[in-house]
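Enquirer:
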Amino acid sequence: KLYNVEEFAAEIVSAAVEPVPADHTRLVGDVSYFTK
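Heads up: take any position in the sequence shown, counting from 1, add 90, and you land on my numbering.
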């Protein structure tokens, strides 16, 4: 999925405020490539 500016900004805000464990990476966008 190609995000528009508003959707991408919402994902960035979400990534900034939601807790993510220190040893994890949060990806924004289509991650289907990583699950093949």
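C-beta atoms are modelled at their ideal positions from N, C-alpha and C, and glycine is treated no differently.
Quantities reported herein were computed from a predicted structural model and do not represent experimental measurements.
May I ask you to report which of helix, strand or coil DSSP gives Thr-125?
Expert: The sequence position of residue 125 within the sequence shown is 35, counting from 1. Three-state result, Thr-125: helix.
Enquirer: Tell me which residues share the same chain as His-114 and place their Cβ nearer than 8 Å to its Cβ, disregarding the 5 neighbours each side in the sequence.
Expert: Along the sequence shown, one-based indexing puts residue 114 at 24. Closer than 8 Å at the Cβ level, and outside the excluded window around His-114, lies no residue.
Enquirer: At what residues does the alpha helix (DSSP H) containing Ala-106 begin and finish?
Expert: Start at 1 with the first residue of the sequence shown, and residue 106 comes out as number 16. Residues 95-107.
Enquirer: What does a CB cutoff of less than 6 Å around Arg-116 pick up in its chain, not counting 5 residues either side in sequence?
Expert: Position 26 of the sequence shown, counted from the start, is the residue given in the question as residue 116. Ala-105, Val-110.
Enquirer: Kindly indicate which residue of Thr-125, Glu-108, Val-118 has the alpha-carbon position closest to the one of Tyr-93.
Expert: Residue 93 sits at position 3 when you count from the first residue of the sequence shown. The candidate whose alpha carbon is nearest that of Tyr-93 is Val-118.
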